[in-house]
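Working notes for the structure below.
There are 2 protein chains.
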Amino acid sequence: MSEPPRAAPPAVTVTADALRRFTRDVFVRAGMPEGDAAIVADVLVWADLRGIDTHGVSRIPMYLRLIDDGDLNLRPSIKIRTETAAAVLVDADRAAGPLAMTTATSAAVRLARDAGVGLGLVRATTHTAALGYYTLTAAHEGMAGLALAASGPFMAYHGTRAAGVSTNPVSIAVPGGARGPVVLDMATGVVARGKLVQARKTNQTIPAGWALDRDGNPTTDPQAALIPLPLGGPKGSGLSLLIELITSLLVSNPIIAGALEGAADGHRHRQNGLVLAIDLRRFGDPDLFRSEVDRVIAALKALPRAPGVVEVLMPGERGARALAARSRDGVPLPRAIVDELGGVAARFGLALFPSAS
Amino acid sequence: MSEPPRAAPPAVTVTADALRRFTRDVFVRAGMPEGDAAIVADVLVWADLRGIDTHGVSRIPMYLRLIDDGDLNLRPSIKIRTETAAAVLVDADRAAGPLAMTTATSAAVRLARDAGVGLGLVRATTHTAALGYYTLTAAHEGMAGLALAASGPFMAYHGTRAAGVSTNPVSIAVPGGARGPVVLDMATGVVARGKLVQARKTNQTIPAGWALDRDGNPTTDPQAALIPLPLGGPKGSGLSLLIELITSLLVSNPIIAGALEGAADGHRHRQNGLVLAIDLRRFGDPDLFRSEVDRVIAALKALPRAPGVVEVLMPGERGARALAARSRDGVPLPRAIVDELGGVAARFGLALFPSAS
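In order, the protein sequences belong to chains A and B. Residue numbers 1 to 357, in my numbering, belong to the letters of the first sequence in order. Residue numbers 358 to 714, in my numbering, belong to the letters of the second sequence in order.
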């Protein structure tokens with residue numbers, strides 16, 4: 001007598017508040033000051049609310065590994081190394097990415113108020129999380145925001161069959177009018193690394209052109225897929241390399257070269273970041289800017305659609321809708337993630353968040 | 358009796374000096390001040406030297422059309438509208454792109470010396486030409502340079518079957534060490550529009566995935582190909598849209614919306630630009646930066662190559678080699694371009710440049 005086929009395990013739905021509380025408590029138990037833990041929790045759960053599941057609470061186990069390995073400093077001494085009329089260099093002392101990046105964003109926004117433009121460079125942080133959080137922070141302050149992050153090599157460099165660069169992401173956001181802000185947040189790979197990780201966890205076949213296996217051969221097997229391919233070949237890997245150069249090398253903390261050379265600590269996790277803010281008010285009428293954003297969106301949405309397309313979407317529009325829905329209904333989490341977080345809760349003697357439904 | 362098959366017409370080779378002189382003389386005869394004409398000539402011929410044939414002297418007829426149509430102002434009154442400690446807004450009064458962009462680049466570099474970062478915004482210019490010229494100017498000053506340009510809609514917006522955005526380019530450059538600077542200059546389309554124009558002129562079939570025809574259907578026919586497709590779908594068209602927002606809307610000169618709405622002057626040629634410079638010396642040791650650039654290049658070049666790849670190339674490396682070869686041997690021009698420029702020479706009573714070989 002065979003068992004009936006197992007249905008896909010149901011997702012658990014959790015309120016954002018419960019997720020934030022849990023995440024904060026985990027990092028406090030791990031040894032992080034409560035204020036810092038609250039910032040990390042806010043940035044991670046924001047990604048879950050926006051539907052960027054690859055950058056949300058599913059990263060908690062990874063952050064804990066970074067702490068266990070000594071890569072993420074729980075009690076960093078974050079220092080401003082350089083401050084000019086328009087720029088700061090934040091030496092993050094291996095602080096959690098959300099702490100370092102929010103520090104740099106605040107500085108960039110503050111400096112841009114006077115100087116029109118503000119640059120916040122981040123040296124030696126860890127996983128920066130979803131960059132859209134920081135550029136939208138600038139947008140909410142009436143500014144255009146641009147953010148970059150640089151990390152270790154795992155994406156193919158064009159022309160090679162090996163991991164040579166990261167999928168270093170770019171985010172740009174601006175305030176909008178009635179339709180809200182526009183925010184682009186894209187990796188320089190064909191897909192973000194998180195998508196490959198998720199395909200591995202859910203064992204779903206990946207499209208051709210996404211990744212190479214460990215030997216550098218193209219594959220669609222989610223278990224074999226290891227090396228994501230760059231967006232548009234030389235464009236994606238070139239852009240990723242330039243992000244390493246204007247971020248990591250600019251702050252004297254190169255990542256790629258040491259890792260490729262096989263230096264003893266070359267593969268230790270570390271990241272660098274860059275946040276740029278431009279104050280709209282210094283260059284024009286911000287109300288006109290906002291209405292012009294709505295105007296161009298309306299014009300694009302009125303274009304004839306490609307076959308099979310139901311709606312023309314703007315960058316960040318899907319995320320804004322997810323935010324509205326998940327703020328109201330809660331964040332759905334796959335059973336595999338909940339199980340993993342159950343292990344985290346047990347480790348720290350915490351109760352797992354209650355399901356909202 | 359049939360004629361023998363016609364061989365491909367031979368290219369004519371011309372020295373850079375002769376090309377520059379001819380280009381300058383054309384614009385002087387058209388009514389441009391000699392100093393301005395020399396700058397335009399330098400920027401266009403630089404593109405030819407770098408092998409960016411789509412942005413070189415082949416654009417002279419287009420520039421002349423812009424002059425004839427009143428879109429390019431031969432005697433502009435270029436004004437600095439906003440100047441802060443780190444930013445300028447250059448109101449270009451429809452000056453030729455190379456004039457406006459070199460003005461903005463100089464200002465950005467000057468401001469970055471003190472402020473660490475300098476931003477030059479350009480309002481209301483014409484064709485900006487190859488952005489790598491401006492970012493390499495910043496790199497030669499010991500700075501990281503970033504440039505954007507925004508123009509009218511002719512690329513498909515993802516999810517539509519119509520021209521909704523431009524192939525708005527991005528360039529980033531940094532100084533290097535013994536290997537020279539690294540410069541990325543990429544359009545947000547799968548290919549630059551110039552490549553489609555060139556395929557049409559030479560009647561070569563284009564790859565699938567490059568373009569749509571006038572009805573929004575995919576095509577490989579160079580005569581039918583009209584609408585280039587965005588790089589990586591939503592990524593390319595999203596990035597292009599954000600460039601319009603942080604460039605054109607920031608300087609109160611929106612381009613896309615009016616064109617899509619079919620406004621009376623919505624399709625008149627105009628562009629806006631942005632140049633950012635970051636002074637390496639303010640954030641670290643520039644000599645270390647340069648040696649680290651060489652180091653990461655060496656590490657990437659040592660990676661195992663993909664099948665069929667002879668050499669792993671860095672962004673701008675092909676262009677640097679073309680510059681060396683063409684500075685020495687001259688610039689090869691296809692017969693079709695030479696014939697077109699012959700017409701230009703006749704119009705202005707100029708002698709056509711002599712062939713170098």
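Positions of the beta carbon are idealized from the N, C-alpha and C atoms, including for glycine.
Contact between residue 316 of chain A and residue 183 of chain A holds, since their C-beta atoms are separated by about 4 Å, short of 8 Å.
In the DSSP assignment, the residues bridged to residue 272 of chain A are A:150.
In this structure, residue 30 of chain A sits away from residue 66 of chain A, with a CB-CB distance that is not shorter than 8 Å. Each of B:592, B:568, B:595, B:589 was checked against the Cα of residue 582 of chain B, and the nearest Cα belongs to B:568. What residue 592 of chain B touches in chain A, judged by beta-carbon distance under 7 Å, is 186, 231, going in chain order. Segment contact: the segment 486-493 of chain B against the segment 636-643 of chain B, fewer than three CB-CB distances shorter than 8 Å; contact not assigned. Cβ-Cβ distances below 6 Å link residue 98 of chain A to 39, 40, 43, 129 in the same chain, with the five nearest sequence neighbours on each side left out; the list follows chain order. Residue 564 of chain B counts as exposed, since fewer than 16 other beta carbons sit within 10 angstroms of its beta carbon.
Under the three-state reduction of DSSP output, residue 600 of chain B falls in the helix class.
Rounded to whole angstroms, the Cβ separation of residue 637 of chain B and residue 250 of chain A is 7 Å, and the two are in contact under 8 Å.
DSSP places residue 109 of chain A within a helical segment (H, G or I) once states are collapsed to three. Think of a sphere of 9 Å around the beta carbon of residue 643 of chain B: no beta carbon from chain A falls inside it, the nearest being about 10 Å out. With three or more CB-CB distances shorter than 8 Å, the segment 244-264 of chain A counts as touching the segment 157-176 of chain A.
Chain A has no Cβ within less than 8 Å of the Cβ of residue 464 of chain B. Using a Cβ-Cβ cut-off of 8 Å, residue 511 of chain B is close to nothing in chain A; its nearest Cβ partner there is about 13 Å away.
In the structure shown, the three-state DSSP call for residue 183 of chain A is strand. Where residue 380 of chain B is concerned, the enclosing alpha helix (DSSP H) starts and stops at 373-387. Here residue 212 of chain A carries a strand assignment [DSSP, helix/strand/coil]. Membership of residue 191 of chain A in any beta strand (DSSP E) is not indicated, and neither H nor E is assigned to it by DSSP. Against chain B, the CB of residue 126 of chain A has no partner CB under 8 Å away; the residue lies outside that interface.
Each residue's CA atom was taken as its position, placing residue 372 of chain B and residue 292 of chain A some 47 Å apart. When secondary structure is reduced to three states using DSSP, residue 81 of chain A falls in the strand class. Here residue 535 of chain B is exposed. Its C-beta has fewer than 16 other C-beta atoms within 10 Å. Contact annotation for residue 646 of chain B against chain A: 245, 249, 250, 252 [CB-CB distance below 9 Å, chain order].
Rounded to whole angstroms, residue 63 of chain A and residue 269 of chain A show a C-alpha spacing of 11 Å. The beta strand (DSSP E) runs lying completely inside the segment 671-702 of chain B and spanning 3 residues or more are 688-690, given in chain order.
Taking 8 Å as the CB threshold, residue 640 of chain B lines the interface with chain A.
Between the segment 293-301 of chain A and the segment 656-674 of chain B, the count of Cβ pairs shorter than 8 Å is below three; the stretches do not touch. Taking residue 453 of chain B as reference, the option from B:492, B:393, B:464, B:462 with the minimal CA-CA separation is B:393.
The beta carbon of residue 649 of chain B falls within 8 Å of a beta carbon belonging to chain A, placing the residue at that interface. Apart from the 5 residues on each side of it in sequence, residue 378 of chain B sits with its Cβ closer than 8 Å to the Cβ of 398, 710 in its chain, given in chain order. Distance from residue 633 of chain B to residue 465 of chain B at the Cβ level is roughly 6 Å; contact confirmed, criterion being Cβ atoms closer than 8 Å. The beta carbon of residue 137 of chain A does not come within 8 Å of any beta carbon belonging to chain B, so the residue lies off that interface. Assignment of residue 100 of chain A by DSSP, reduced to helix, strand and coil, places it in the helix class. In the DSSP assignment, residue 295 of chain A falls within the unbroken alpha helix (DSSP H) covering 286-301.
Boundaries of the alpha helix (DSSP H) around residue 135 of chain A: 132-140.
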